[in-house]
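Comments concern the structure below.
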Amino acid sequence: MVSAQTSPTQSPAAQNPPASTGSTPTTGQEKKAGTEKSAAQTKGPTPAEELQQAISNAGNDRAALVRNLEAYLVKYPDSAQRPQIYRALVEATLQLQDTARAADYAERIVALTPDDMSMTLVAIQLLQRSGDVAGMRRAVDYAGRVLAFVDNTTMDDKSVKMSPEEWKEAKARDHSAVLLLRGQLNLKLKDTAAAKKDFEASYAEAPAAGAAEKLGEVAELNKDLPDAIKEYARAFALADGANNSVTRKEIRQKIGNVWRQAHGSDDGLGEYLLHSYDEVIKATAGTTVKRNADAHEVSEFTLRKAPDGAPFKMSSTKGEVVVVSFWATWCGPCRALEPQFERVAAQFKDEQHISFLEADCDDDESQVGPYLEEVKPRVQVVFADGLDKHLAVNSLPTVVIIDRAGKVAYRAEGFGDESFERDLTAAAKRALDSAISSGASAGATSGTNSGMNSGTNSRTAPGTPPASTPASKTETTSQPHGTWAP
Numbered sequence: 001m002v003s004a005q006t007s008p009t010q011s012p013a014a015q016n017p018p019a020s021t022g023s024t025p026t027t028g029q030e031k032k033a034g035t036e037k038s039a040a041q042t043k044g045p046t047p048a049e050e051l052q053q054a055i056s057n058a059g060n061d062r063a064a065l066v067r068n069l070e071a072y073l074v075k076y077p078d079s080a081q082r083p084q085i086y087r088a089l090v091e092a093t094l095q096l097q098d099t100a101r102a103a104d105y106a107e108r109i110v111a112l113t114p115d116d117m118s119m120t121l122v123a124i125q126l127l128q129r130s131g132d133v134a135g136m137r138r139a140v141d142y143a144g145r146v147l148a149f150v151d152n153t154t155m156d157d158k159s160v161k162m163s164p165e166e167w168k169e170a171k172a173r174d175h176s177a178v179l180l181l182r183g184q185l186n187l188k189l190k191d192t193a194a195a196k197k198d199f200e201a202s203y204a205e206a207p208a209a210g211a212a213e214k215l216g217e218v219a220e221l222n223k224d225l226p227d228a229i230k231e232y233a234r235a236f237a238l239a240d241g242a243n244n245s246v247t248r249k250e251i252r253q254k255i256g257n258v259w260r261q262a263h264g265s266d267d268g269l270g271e272y273l274l275h276s277y278d279e280v281i282k283a284t285a286g287t288t289v290k291r292n293a294d295a296h297e298v299s300e301f302t303l304r305k306a307p308d309g310a311p312f313k314m315s316s317t318k319g320e321v322v323v324v325s326f327w328a329t330w331c332g333p334c335r336a337l338e339p340q341f342e343r344v345a346a347q348f349k350d351e352q353h354i355s356f357l358e359a360d361c362d363d364d365e366s367q368v369g370p371y372l373e374e375v376k377p378r379v380q381v382v383f384a385d386g387l388d389k390h391l392a393v394n395s396l397p398t399v400v401i402i403d404r405a406g407k408v409a410y411r412a413e414g415f416g417d418e419s420f421e422r423d424l425t426a427a428a429k430r431a432l433d434s435a436i437s438s439g440a441s442a443g444a445t446s447g448t449n450s451g452m453n454s455g456t457n458s459r460t461a462p463g464t465p466p467a468s469t470p471a472s473k474t475e476t477t478s479q480p481h482g483t484w485a486p
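What follows is the structure, given as structure tokens:
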């Protein structure tokens, strides 16, 4: 019989177990895990977290941001985020108008990423602005790097939206701009000979007001008044275009001063400037890309959508009626005509066989983007790209209707009376009706022999081309509204 008494082999603890405390015993592994968790809780933020905290703590205070980021770089001088931090410091110090510090951080970026040409140009401009001689000498070296980079770019680097001719033109402009920038640095460093060489090369590559103005300044410094007058006159002719940093008002003051030194008064200056203007425009016209030079029919033209330059093939409108308004940003009557033209276009928005285009004829295409942003046109806008020459457009605005056979069925020049909308609407309907009912050949015959003489003025508008031009052979009517020319 088993006794209820405790066995002699049991330990005292077993014989007398402790009272329950409501918890289990802690093992060695559990103790180690608890220690690691405690260490993790007391460990500081990671470098990435510290960087984010430095940015967040600054809020919108640019000075605080600079202090915080600089303190971070002291703690982590080899941070992999240095290029991004330096960029933020360049931006913040520029906002604080601390040019010297901005230039320093820009140069640090260039040292880390020497192929970053955009930041190299920023560094050049900041060093030029600082006026420090040693810094400007470094800037001259940086400019040499950028020139080499531009020289080494190939056709493979161009945007798909650019034609080979446009790419070559853009490359020449870039090269010219950097030469001008280096010339300005050399001029500040009082190396007049090197500056003149850069300015001459810049102007030869892409004639611009900036280079001509600087050549005038060099000539004036050398007391060569005739050469100074010649160069300032070139700058006057080319000013107020894409290079908005040079204005005719400033050039007028400079050339007036030199002219009076040479001639004693302003007599003859106006005539000289007009003559120089004509000469410069004639000489530089050859540098403009001639688009669609091989096109002989309207459908063979490839225009560019404004302002991005995407291709617009006129072949996509072949067999349709096309209504084109030729205009320019500087043309006041063009602005007045635009809402009338758009109202007419709106009447045909559901028609499948007619297209409306507004074709820009500006020599300086840089003005077009801001203008379109302002007016927000409701009709497709394209660059004329030689279509204006093909149709012998000699004054602006000019509105042309091209029938289904690709011939001119209607032409109106200038901005005129209230009948414009009515007449253009009627002409577009006749061209459309004849195209749909008779086909290409019959539509052209109907438009030229009978329909277009009904209810419209058959007189030739001012500026209409002579009978030998392609446009006049198919023109049937014109609506004279006067002309507007620059």
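Mapping of the sequence shown onto our numbering: position 436 corresponds to residue 436, and the numbering continues sequentially without gaps. Backbone N, C-alpha and C define an ideal beta-carbon position, used for all residues, glycine too.
Of all the options the options, which has the alpha carbon lying nearest to the alpha carbon of residue i?
i	options	result
Asn-394	Trp-327, Asp-423, Phe-341	Trp-327
Ala-239	Ala-262, Ile-55, Gly-210	Gly-210
Arg-304	Ser-245, Ala-359, Gly-216	Ala-359
Val-133	Thr-153, Ile-109, Leu-185, Ala-106	Leu-185
Val-322	Asp-403, Lys-75, Ala-194	Asp-403
Leu-89	Tyr-105, Pro-77, Gly-319	Tyr-105
Ala-51	Glu-320, Leu-65, Ile-124, Ala-427	Residue 51 is actually Leu in this sequence, not Ala. The residue with the shortest Cα to Cα distance from Leu-51 is Leu-65.
Phe-301	Thr-317, Arg-129, Leu-274	Thr-317
Met-119	Ser-130, Gly-131, Ala-103, Cys-331	Ala-103
Gln-81	Asp-61, Leu-94, Thr-93, Thr-113	Thr-113
Glu-320	Trp-330, Met-117, Ser-299, Asp-61	Ser-299
His-296	Ala-100, Glu-200, Leu-387, Gly-59	Leu-387
His-175	Met-162, Ala-193, Val-146, Leu-187	Val-146
Ala-409	Leu-432, Pro-45, Ala-219	Leu-432
Ala-412	Glu-418, Ala-405, Ile-401, Gly-406	Ile-401
Ala-345	Ala-48, Gln-380, Asp-362	Gln-380
Arg-291	Cys-361, Val-258, Gly-264, His-353	Cys-361
Gly-270	Lys-282, Lys-389, Gln-261, Phe-236	Phe-236
My output table needs one value for residue i: the three-state DSSP class, helix, strand or coil.
i	result
Lys-43	coil
Lys-376	coil
Thr-120	helix
Ala-64	helix
Arg-411	strand
Ser-56	helix
Trp-167	helix
Thr-464	With a pLDDT of 36 at Thr-464, under the threshold of 50, the predicted position of this residue should be treated as unreliable, though the coordinate-derived value follows. Here Thr-464 sits in coil by DSSP.
Phe-348	coil
Lys-473	Caution is warranted here: a pLDDT of 31 is assigned to Lys-473, below 50, making its placement in the model unreliable, and the coordinate value is therefore given only provisionally. Here Lys-473 sits in helix by DSSP.
Lys-305	strand
Ser-79	coil
Ser-325	strand
Gln-340	helix
Val-110	helix
Val-400	strand
Val-491	Residue 491 falls outside the range modelled here, since the chain spans only 1 to 486, and no answer is possible.
Ala-71	helix
Cys-331	coil
Ala-431	helix
Lys-318	coil
Glu-418	coil
Val-178	helix
Val-90	helix
Gln-97	coil
Asn-186	helix
Ala-211	helix
Val-368	helix
Ser-130	helix
Thr-448	Note that Thr-448 scores a pLDDT of 38, beneath 50, so its modelled location is shaky; the value from the coordinates is reported in the next line. Three-state result, Thr-448: helix.
Ala-48	helix
Met-162	coil
Asp-363	coil
Output the boundary residues of the beta strand (DSSP E) element that contains residue i.
i	result
Leu-357	354-360
Pro-311	311-313
Starting from residue i and walking both ways along the alpha helix (DSSP H), at which residues does that stretch end?
i	result
Ser-202	192-205
Val-146	133-152
Lys-389	387-390
Using 8 angstroms for Cβ pairs, my map puts residue i next to residue j. What's the rounded Cβ distance?
i	j	result
Leu-357	Pro-397	That belief does not hold up - the Cβ atoms of Leu-357 and Pro-397 are roughly 13 angstroms apart, past 8 angstroms.
Ile-55	Leu-73	Their Cβ separation, rounded to whole angstroms, is 13 angstroms, which puts Ile-55 and Leu-73 out of contact at 8 angstroms.
Val-399	Ser-315	Not really, about 22 angstroms apart at Cβ, beyond 8 angstroms.
Thr-425	Gln-347	6 angstroms
Glu-205	Val-246	Wrong, their Cβ atoms sit about 17 angstroms apart, outside the cutoff.
Phe-415	Pro-333	4 angstroms
Ala-139	Gln-128	6 angstroms
Arg-137	Leu-96	At roughly 26 angstroms, the Cβ-Cβ gap does not stay under 8 angstroms, so Arg-137 and Leu-96 are not in contact.
Does the beta carbon of residue i come closer than 8 angstroms to any beta carbon on chain B?
i	result
Gln-253	Here there is only one protein chain, and chain B is not present.
Following a CB-centred definition, is residue i positioned closer than 7 angstroms to any heavy atom of the ligand GTP?
i	result
Pro-339	Annotation note on the ligand GTP: not contained in the displayed structure, which lists no ligands.
Practice task
Output the residue ranges of the alpha helix (DSSP H) runs that lie fully inside the stretch 217-303 and measure 4 residues or longer, sorted by chain position.
Solution key: Taken in chain order, the whole alpha helix (DSSP H) runs of length 4 or more contained in the stretch 217-303 are 225-238, 248-263, 269-284.
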